[in-house]
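Numbering (my numbering), first residue to last: 3 to 281.
Single-structure report; data block below.
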Amino acid sequence: MDHALEHLGTLFDLPVTVSILINTRIGLVVNRLRRKCGDKAIAQFARNLIKTWKNLVEKKYKEGDPAFNVLVSSIRSRRRYHSTEKSVDSRSKRSAAAQKKPTSSPVVDNDLAFNEARSRSRKVLLKVLTSGDLPDGSLDPEELSVEVEASLFEMNRGSVEKYMTAVHNHVFSLMHKKNTLRVRVLTGAVGAAEFAHMTTEDMATDELRRMRNEFIEQVFKQLREEDENSSDQYGPPDMMKCERCGKRNCTYTQMQTRSADEPMTTFAYCRECGKRWKF
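In structure tokens:
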């Protein structure tokens, strides 16, 4: 709990969006902290933060923001893995029709949203980089925060939501006490652009990598043991061709192993030669 207030303060400064709240479910984490911590100051700060996020969601809902409706629809669609493409197309058409009546220029709105988000993102990155003692030979944290933010913007300039989610993921990786990324970025062991291009898997701690590898092993073990018709989540054996033997006798499944805004991971296993792979 020593750094709880500091982390909550960083969360408060982050350019959080409805997309980030839904995809990361950070509200549940903060609420759990509020209930279990014995510090009144931390509990009150967490309560205020949750209230701020609730107001944000309610505001977007009351405004009838088309982007908000599209986001909610896409999240529901992703959770209903077997939902039909027809219903998804229908929702997309309705939201597209709603977007034809903007109150102001969408290009201008997008630029304004990006400008505000970029300014806050640089401040948060700088705050996290300077949150502890600076190691010997550190580079200028302010310059690093600008370079990291600029790279994240170039990679996600087409979507404010994707940009802010990327910033959120990188900030939290720097904040993780068991992650050495902060020191490696400050000392130049990991360049600013290289850090910005890292995926959530690349930024994971050794412990998280070990847990992910164990999880993948369990998935492949289950694939080997399960019969192709034992569960609806396994695809027909002829849908995928093995890269090793070339035969179409593979079983596969999909699971969410990365952050919620990224595609699901497909795990495949060939019944003929035993090859296993994921993509």
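The beta carbon of each residue, even a glycine, is placed where N, CA and C say it ideally should be.
Distance CB(residue i)-CB(residue j) smaller than 7 Å
i    : j    : result
T207 : K243 : no
N158 : Y165 : yes
A198 : V150 : yes
L23  : W55  : yes
Rounded C-alpha distance that separates residue i from residue j
i    : j    : result
T132 : P143 : 7 Å
S153 : V187 : 14 Å
G190 : A48  : 34 Å
W279 : M266 : 14 Å
M177 : E274 : 45 Å
V20  : C247 : 46 Å
N251 : F281 : 18 Å
S175 : G139 : 21 Å
L10  : K249 : 53 Å
T268 : E203 : 15 Å
L146 : R124 : 9 Å
G134 : K61  : 36 Å
Range covered by the alpha helix (DSSP H) that runs through residue i
i    : result
T189 : L183 to T189
A206 : Per DSSP, A206 belongs to no alpha helix (DSSP H) and is neither H nor E.
T167 : V162 to M177
R34  : I28 to K38
S140 : Looking at the DSSP string, S140 is not in any alpha helix (DSSP H), and its letter there is neither H nor E.
E196 : A194 to A198
Exposed unless 16 or more other CB atoms sit within 10 angstroms - verdict on residue i
i    : result
K129 : buried
V31  : exposed
E163 : buried
T201 : exposed
A43  : exposed
V18  : buried
Bounding residues of the beta strand (DSSP E) (the contiguous stretch that carries residue i)
i    : result
K280 : R278 to K280
T268 : T267 to C272
Nearest-angstrom beta carbon gap, residue j and residue i [assumed within contact, 8 Å]
i    : j    : result
V126 : L16  : 5 Å
L183 : V192 : 7 Å
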